[in-house]
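Novice: First the structure, then my questions, so here it is.
There are 2 protein chains.
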Amino acid sequence: MITFFPGPSKVYDRISEYLQDAFQEGVLSISHRSTAFNELSRRAIEATKAKLHIPDDYTLMYTSSSSEGWEIVAQSLIREKSLHLYSGSFGERGFQYTNYLHEGALPYVLDVNEAIPVQDLPVDDSTELIACVQNETSNGTQTSVDTIRALRDAYPQALISVDATSAMAGIATDYTAADIWHASVQKCFGMPAGLGLLVCSPRAVAKAEEIGEKRHYNSLLTILKNIEKWQTNTTPNVLGIYLLMRVMETAPDIAEVDAQLKRRAAQLYAMAEQLPHYQPLVTNHAVRSQTVVTVKTDATRLAATKDAAKAEGLLLGNGYGEWKDSTFRIANFPALLDSEVAQLVDFLTAYANRPA
Amino acid sequence: MITFFPGPSKVYDRISEYLQDAFQEGVLSISHRSTAFNELSRRAIEATKAKLHIPDDYTLMYTSSSSEGWEIVAQSLIREKSLHLYSGSFGERGFQYTNYLHEGALPYVLDVNEAIPVQDLPVDDSTELIACVQNETSNGTQTSVDTIRALRDAYPQALISVDATSAMAGIATDYTAADIWHASVQKCFGMPAGLGLLVCSPRAVAKAEEIGEKRHYNSLLTILKNIEKWQTNTTPNVLGIYLLMRVMETAPDIAEVDAQLKRRAAQLYAMAEQLPHYQPLVTNHAVRSQTVVTVKTDATRLAATKDAAKAEGLLLGNGYGEWKDSTFRIANFPALLDSEVAQLVDFLTAYANRPA
Numbered sequence: 001m002i003t004f005f006p007g008p009s010k011v012y013d014r015i016s017e018y019l020q021d022a023f024q025e026g027v028l029s030i031s032h033r034s035t036a037f038n039e040l041s042r043r044a045i046e047a048t049k050a051k052l053h054i055p056d057d058y059t060l061m062y063t064s065s066s067s068e069g070w071e072i073v074a075q076s077l078i079r080e081k082s083l084h085l086y087s088g089s090f091g092e093r094g095f096q097y098t099n100y101l102h103e104g105a106l107p108y109v110l111d112v113n114e115a116i117p118v119q120d121l122p123v124d125d126s127t128e129l130i131a132c133v134q135n136e137t138s139n140g141t142q143t144s145v146d147t148i149r150a151l152r153d154a155y156p157q158a159l160i161s162v163d164a165t166s167a168m169a170g171i172a173t174d175y176t177a178a179d180i181w182h183a184s185v186q187k188c189f190g191m192p193a194g195l196g197l198l199v200c201s202p203r204a205v206a207k208a209e210e211i212g213e214k215r216h217y218n219s220l221l222t223i224l225k226n227i228e229k230w231q232t233n234t235t236p237n238v239l240g241i242y243l244l245m246r247v248m249e250t251a252p253d254i255a256e257v258d259a260q261l262k263r264r265a266a267q268l269y270a271m272a273e274q275l276p277h278y279q280p281l282v283t284n285h286a287v288r289s290q291t292v293v294t295v296k297t298d299a300t301r302l303a304a305t306k307d308a309a310k311a312e313g314l315l316l317g318n319g320y321g322e323w324k325d326s327t328f329r330i331a332n333f334p335a336l337l338d339s340e341v342a343q344l345v346d347f348l349t350a351y352a353n354r355p356a
Numbered sequence: 001m002i003t004f005f006p007g008p009s010k011v012y013d014r015i016s017e018y019l020q021d022a023f024q025e026g027v028l029s030i031s032h033r034s035t036a037f038n039e040l041s042r043r044a045i046e047a048t049k050a051k052l053h054i055p056d057d058y059t060l061m062y063t064s065s066s067s068e069g070w071e072i073v074a075q076s077l078i079r080e081k082s083l084h085l086y087s088g089s090f091g092e093r094g095f096q097y098t099n100y101l102h103e104g105a106l107p108y109v110l111d112v113n114e115a116i117p118v119q120d121l122p123v124d125d126s127t128e129l130i131a132c133v134q135n136e137t138s139n140g141t142q143t144s145v146d147t148i149r150a151l152r153d154a155y156p157q158a159l160i161s162v163d164a165t166s167a168m169a170g171i172a173t174d175y176t177a178a179d180i181w182h183a184s185v186q187k188c189f190g191m192p193a194g195l196g197l198l199v200c201s202p203r204a205v206a207k208a209e210e211i212g213e214k215r216h217y218n219s220l221l222t223i224l225k226n227i228e229k230w231q232t233n234t235t236p237n238v239l240g241i242y243l244l245m246r247v248m249e250t251a252p253d254i255a256e257v258d259a260q261l262k263r264r265a266a267q268l269y270a271m272a273e274q275l276p277h278y279q280p281l282v283t284n285h286a287v288r289s290q291t292v293v294t295v296k297t298d299a300t301r302l303a304a305t306k307d308a309a310k311a312e313g314l315l316l317g318n319g320y321g322e323w324k325d326s327t328f329r330i331a332n333f334p335a336l337l338d339s340e341v342a343q344l345v346d347f348l349t350a351y352a353n354r355p356a
């Protein structure tokens, strides 16, 4: 079965070999306070920063999931007021997690085809942080790096926080365009679930120090103090960090990955636009995701399509939230082979065009 | 190298096979909202409850680590006042995490050879929770199940919370003697790090509902709502849950494991008592750990012993905290073979008794 489910998703075939290596090398038993761990953690972080072009002065840290990333940002980087821009379920969840901790968190809901109106946002001098979603996994929308950069330019007093869950390691981005980026490895990293990543700018680190929040086991200042020694606040998923090291040390440069995904996304959208009875959910090209392609159809056809695909060994992602009964999703993640994407395109084209 | 480091520790040899199976079976890519995940999560929980004799009406949940377990207990099960009984670094850390959130958390520090004076504790009707450590990994002390039961009997209004990090799946216990038990799988479960477990009694669940705390992504009520469907609040370590299922489905009954560990602990303590220049740190048999044996010696001999052991392929655990420079620790966890423990005993006996 080839899974196009957008996370947990297809893992790289070479993960099989890395798992055996981890066992053979004794990695599963090393102490997270040992020099052996420090060394593999350093290599994982350095390879990830190099391949993704994360600036030297940005800090890369481990979390247990992107949900923990939201919580850490809300806990340690906001005193009262933040603005949350989103069109889908995961952006909404990030807002809600923040709102539980700070009543001053403000939602700003976008239509799936609406770009962020950068100049017209309800932001004032007291807005400490603006959160957006680089790639909304639930509906396949995307915030471009130009828009993220424009947010930073328009509101220089605020930290810009980006939920990059289904984008990091798939889409090339300019990390200097924002202050916080958080993601999970079960999407574009092609790895098993159980590890999240958090990237912070020097400005974000300075803000954490200014706020001084240290009340939680996962307070950002605690994580920062440990990661200086390549370590973690709690016993981490050592195997996950080892797999990250292996995957990122062998990964192509992000520019190459990005080009491949964009080419395949163009192919998938062109297909969806040409098929009878199906269309891309997102019609505005400016906010279309490159990594999660969402296709709309009627409820009866939706169920039949998913069943027929499954019978061919192709697992389509279900729709999510309000789009549950009218869309399916196609992960266009780096671990998927071009031939697998081509096989899906062939199947869907034949299936949709077959005579009644 | 045979590692006697008390966590992350030696994993079961069969983990190698399970890792390959997980890859082959496509487990690494399944959605945590799929029926396939629900089924493996159900099996993992049912096998763990069966082998460890966790009562049917107690709820078993996943966390990312035992540190998260402390935080969840502090967040969701305490309004103001709790008492924390400990003699070592991890018990102290549990107190500190709670104290960050509640000024009403009170420490009660025990000597390493002191049993908990159950009848003489500073507990009153406003004490909502009493925390103790079943097995303190830092110094090799243990709270017996009789003492835990006595705490519950003496203070029936309080929840009893047990840090069972280096004990669960190693030591047989009566889970009805307390309300909360939390642990990690990189100790007695013989698994790679990256998964924690939390067990709650019906009383603890009722208290969580009464308090109604829902402000965090890992609030206990949120976890409980998900685990009813065998699911999790965030994307979990699916591979870890799969390994838990495989390990626990093939594990012997806890009574059998407990008997094996007690026999080996007796052997290790007898050795330490007989060796010249070495002695067990914990001399009071009533509070001696069965799973982490801590041996005291002078600083020079300590370094030499660790080096000589390493040269023989035996990795001793370092001392921890205040015992860092005067003790080494020997994990006596189920994944270690009797022959490996015997090898260590032979080495230490020969090493300590060799002519000057």
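First to last, the protein sequences are chains A and B.
Be aware that the first sequence starts at 1, since it is given in full-length UniProt numbering, and climbs by one per residue.
Be aware that the second sequence starts at 1, since it is given in full-length UniProt numbering, and climbs by one per residue.
Virtual Cβ for every residue (Gly too), placed ideally from N, Cα, C.
Which value, in whole angstroms, describes the spacing of the CA atoms of Met101 of chain A and Glu46 of chain B?
Specialist: The identity of residue 101 of chain A in the sequence shown is Leu, whereas the question assumes Met. So the two alpha carbons sit approximately 35 Å from each other.
Novice: Since Phe5 of chain B and Gly321 of chain B are thought to touch, with beta carbons under 8 Å apart, how far apart are those beta carbons, to the nearest angstrom?
Specialist: Contact flag wrong, Cβ pair sits at about 15 Å.
Novice: Whose CA, out of A:Leu83, A:Ile227, A:Phe333 and A:Gln267, lies closest to the CA of Tyr12 of chain A?
Specialist: Answer by Cα proximity: A:Phe333.
Novice: Select from the stretch 238 to 250 of chain A all residues with a C-beta closer than 7 Å to any C-beta belonging to chain B, and list them in chain order.
Specialist: Result list: Val238, Leu239 and Gly240.
Novice: According to DSSP, is Ile160 of chain B helix, strand or coil?
Specialist: DSSP places Ile160 of chain B in strand when its eight states are reduced to three.
Novice: If you measure beta-carbon to beta-carbon, which residues of the stretch 207 to 218 of chain A are closer than 9 Å to chain B?
Specialist: If the cut-off is 9 Å between Cβ atoms, the stretch 207 to 218 of chain A has Lys214, Arg215, His216, Tyr217 and Asn218 near chain B.
Novice: Only counting the same chain, and skipping five residues up and downstream in sequence, which positions put a Cβ closer than 8 Å to that of His277 of chain B?
Specialist: Cβ within range, chain order: Thr297, Asp298, Arg301 and Ala352.
Novice: Just to check my reading of the structure: Ile148 of chain B and Val162 of chain B have Cβ atoms closer than 8 Å, yes? What is that Cβ distance to the nearest angstrom?
Specialist: About 6 Å; that satisfies the 8 Å criterion.
Novice: Any C-beta of chain A sitting closer than 7 Å to the C-beta of Leu28 of chain B?
Specialist: Chain A contact via Cβ: present.
Novice: How is Pro202 of chain B classed by DSSP in three states: helix, strand or coil?
Specialist: Three-state DSSP puts Pro202 of chain B in a helix.
Novice: Can you find a CB in chain A that lies within less than 7 Å of the CB of Val11 of chain B?
Specialist: Chain A, which has a Cβ nearer than 7 Å to the Cβ of Val11 of chain B, makes this yes.
Novice: Tell me, which residues are paired with Arg329 of chain A by DSSP?
Specialist: Arg329 of chain A is bridged to A:Thr294 and A:Gly317.
Novice: Taking beta-carbon pairs under 8 Å, can you tell me which members of the stretch 42 to 66 of chain A lie near chain B?
Specialist: Listed by position, the residues of the stretch 42 to 66 of chain A near chain B (Cβ gap below 8 Å) are Ser64, Ser65 and Ser66.
Novice: Just checking my contact of Glu76 of chain B with Ser29 of chain A at CB under 8 Å: how many whole Å lie between their CB atoms?
Specialist: What sits at residue 76 of chain B in the sequence shown is Ser, not Glu. With a Cβ gap of about 33 Å, Ser76 of chain B and Ser29 of chain A do not count as contacting.
Novice: Output, in chain order, the set of chain A residues within a Cβ distance shorter than 9 Å of Ile330 of chain B.
Specialist: Correct list: empty, because the minimum Cβ distance to chain A is about 14 Å.
Novice: In the DSSP assignment, find the beta strand (DSSP E) that holds Tyr86 of chain A and state where it starts and stops.
Specialist: Start and end: Ser82 to Tyr86.
Novice: With distances taken Cα to Cα, identify the nearest neighbour of Leu275 of chain A among A:Thr305, A:Leu110, A:Gln260 and A:Leu314.
Specialist: Per the Cα distances, A:Thr305.
Novice: Indicate whether Met248 of chain A and Lys81 of chain A have their beta-carbon atoms separated by less than 7 Å.
Specialist: No, Cβ-Cβ distance for Met248 of chain A and Lys81 of chain A is not below 7 Å.
Novice: Does the pairing of the stretch 53 to 68 of chain B with the stretch 188 to 197 of chain B give three or more beta-carbon distances under 8 Å?
Specialist: Yes, since at least three Cβ pairs between the stretch 53 to 68 of chain B and the stretch 188 to 197 of chain B fall closer than 8 Å, the two stretches touch.
Novice: Please work out which residues of its chain come closer than 6 Å, Cβ to Cβ, to Tyr18 of chain B, disregarding the five sequence neighbours upstream and downstream, and give them in chain order.
Specialist: Only Leu243 and Arg246 meet the Cβ criterion.
Novice: Use the C-beta contact count for Gln186 of chain B: other C-beta atoms within 10 angstroms, 16 or more gives buried, fewer gives exposed.
Specialist: Answer is buried; the Cβ neighbour count reaches 16.
Novice: Out of B:Tyr269, B:Lys207 and B:Ser326, which has the shortest C-alpha to C-alpha gap to Val341 of chain B?
Specialist: It is B:Tyr269 whose Cα lies nearest to the Cα of Val341 of chain B.
Novice: Using DSSP's beta-bridge definition, name the partner residues of Asn135 of chain A.
Specialist: In DSSP, Asn135 of chain A forms a bridge with A:Gln142.
Novice: Where does Arg288 of chain A sit, in a helix, a strand or coil, going by DSSP?
Specialist: In this structure, Arg288 of chain A counts as strand in the three-state DSSP scheme.
Novice: CB-CB under 7 Å to Ala265 of chain B, same chain, minus the five flanking residues each way: which ones, in chain order?
Specialist: Only Gln290, Val293 and Asn332 meet the Cβ criterion.
Novice: DSSP puts Val73 of chain A in a beta bridge; with which residues?
Specialist: None; Val73 of chain A has no bridge partner.
Novice: Quick one: any contact between the stretch 94 to 108 of chain B and the stretch 220 to 228 of chain A, if contact means 3 or more CB pairs under 8 Å?
Specialist: Segments in contact, no.
Novice: Determine the chain A residues that contact Met1 of chain B at a beta-carbon separation under 9 Å, and present them in chain order.
Specialist: Result: Gly26 and Ser29.
Novice: Under 9 Å, CB to CB, which of the residues in the stretch 88 to 109 of chain B have a partner in chain A?
Specialist: Against chain A - using a Cβ distance shorter than 9 Å - the residues of the stretch 88 to 109 of chain B are Arg93, Tyr97, Tyr100 and Leu101.
Novice: According to DSSP, which residues form a beta bridge with Pro107 of chain B?
Specialist: Answer is B:His84.
Novice: According to DSSP, is Tyr278 of chain A part of a helix, a strand, or is it coil?
Specialist: Note: Tyr278 of chain A maps to coil in three-state DSSP.
Novice: For the candidate residues B:Leu40, B:Arg354, B:Phe23 and B:Pro55, whose alpha-carbon lies nearest to that of Ala177 of chain B?
Specialist: Among B:Leu40, B:Arg354, B:Phe23 and B:Pro55, the Cα nearest to that of Ala177 of chain B belongs to B:Pro55.
Novice: Along the stretch 151 to 184 of chain A, where does the CB come closer than 9 Å to a CB of chain B? Name the residues.
Specialist: Residues Ser184.
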